[in-house]
Each structure stands twice: as C-alpha cells, then as structure tokens.
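A quick write-up on the structure given underneath.
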Amino acid sequence: MLDELHSDGAALSPDDEAMIRVAKRDYDKATRVPSSFVAEIAVVSTKAYEAWVEARKKSDFSIFRPHLEKSLR
13 MLDELHSDGA ALSPDDEAMI RVAKRDYDKA TRVPSSFVAE IAVVSTKAYE
63 AWVEARKKSD FSIFRPHLEK SLR
C-alpha cells in the first residue's frame, strides 16, 4: 500500500509525499530484522542496564562487564 501511495506522488502534497516516504522507510527498516532478534536485543539491553545501575552504585565494573561484552557482539 505504501508503494502504491508513493508511486502516485503527483496527487499528493509535498508534505504528504514526505510523510509516506518516511513511513515506507521506517516500515522497511522494521520488517527486515526478525522479531526474535528484536526481542533478544530488548532482553539483553534491559539486563545490561540493570547491571550497570548496580555496578555504578557499588563502583564495581566487573558486574557490568559480561553484559557489555554480550551487547557488543
């Protein structure tokens, strides 16, 4: 549907055309990555943040290190 709207640009205002172009780009970007990967990234990020908060409170980087390593892989 976004492709059809985008190809029919002559009937759209420049603002509408830009909005459809951005929506198409966002949709394409969101659907290229498997949902299981997105879910895994969310879990890893949440656990890393919680570990960072604890590590900062205790001034102990070793608590956060494994989470950081996993995040950077």
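To convert a position in the sequence shown, counted from 1, into this note's numbering, add 12.
Every residue gets a Cβ at the ideal spot worked out from N, C-alpha and C, and that includes glycine.
- Taking 4 residues as the minimum length, the alpha helix (DSSP H) runs contained wholly in the segment 23-49 are 26-44, in order along the chain.
- The C-beta distance from A63 to I53 rounds to 16 Å, too long to meet the 8 Å contact threshold.
- In the structure shown, R68 adopts helical secondary structure according to DSSP, grouped into three states.
- Residue range F73 to L84 is occupied by the alpha helix (DSSP H) that includes R77.
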